[in-house]
C-alpha cells in the first residue's frame with residue numbers, strides 16, 4: 405500500500421541548534437543533531453525520488469498494458485488457416501485428421517464464395533447508386 409511522503413521541513417530543532425552551547429558536550433550534541441537532521445532530509449529526498457520513479461513506472465506499465473491488450477485483440481481477430489495449431493504432433497494420414505482437412509477446406513471455400521458474393525452485391529449497389537445519382541442530376545436540370 406503506497407504511503408505519501410510528507411514535504412521537507414527545515415524547522416526541526418531550530419531552538420536547540422540556535423542556543424549557544426555552554427559545554428563541549430552540548431556542542432557535540434548540537435553537531436550530532438544537525439548531522440542527524442541532514443541525514444533525515446537526504447533520506448526524505450531519496451524517498452521522494454523513489455516515489456516519483458514509482459509513479460512514472462506505474463503510468464508506463466499502464467500504457468504498455470493497454471498497448472499489449474490492443475495488440476493481442478488485433479492478433480486474435482486474424483483468422484487462422486492452420487489445422488495443427490496446438491503444437492502437438494498428430495498423424496497426418498489418420499481418418500480424423502483427413503476429415504478435419506476436408507471440413508476445413510469446405511469451410512474455406514464457402515467463406516471465399518461468401519466473400520465474392522458480398523463483393524458482387526457491393527459492386528451492384530454502387531452501380532445502382534451511381535445510376536440513381538445520374539438520374540437525379542438529370543431530373544433537377
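In my numbering, the protein residues as written are 405 to 545.
Beta carbons are placed, not taken as given, at the ideal position from N, Cα and C, and that holds for glycine.
Contact under 7 Å by Cβ, residue i with residue j
i: residue 417; j: residue 437; result: yes
Continuous alpha helix (DSSP H) stretch holding residue i: start and end
i: residue 530; result: 499-544
i: residue 473; result: 428-481
i: residue 421; result: 418-422
Of the residues the options, the one placed nearest residue i, counting alpha carbons only
i: residue 439; options: 541, 421, 528, 454; result: 421
i: residue 411; options: 477, 444, 419; result: 444
Straight-line gap, residue i to residue j (C-alpha atoms, nearest Å)
i: residue 514; j: residue 542; result: 42 Å
i: residue 471; j: residue 536; result: 45 Å
i: residue 528; j: residue 540; result: 18 Å
i: residue 501; j: residue 510; result: 14 Å
i: residue 450; j: residue 481; result: 46 Å
i: residue 424; j: residue 452; result: 34 Å
i: residue 518; j: residue 508; result: 15 Å
i: residue 427; j: residue 441; result: 21 Å
i: residue 446; j: residue 474; result: 42 Å
i: residue 466; j: residue 516; result: 40 Å
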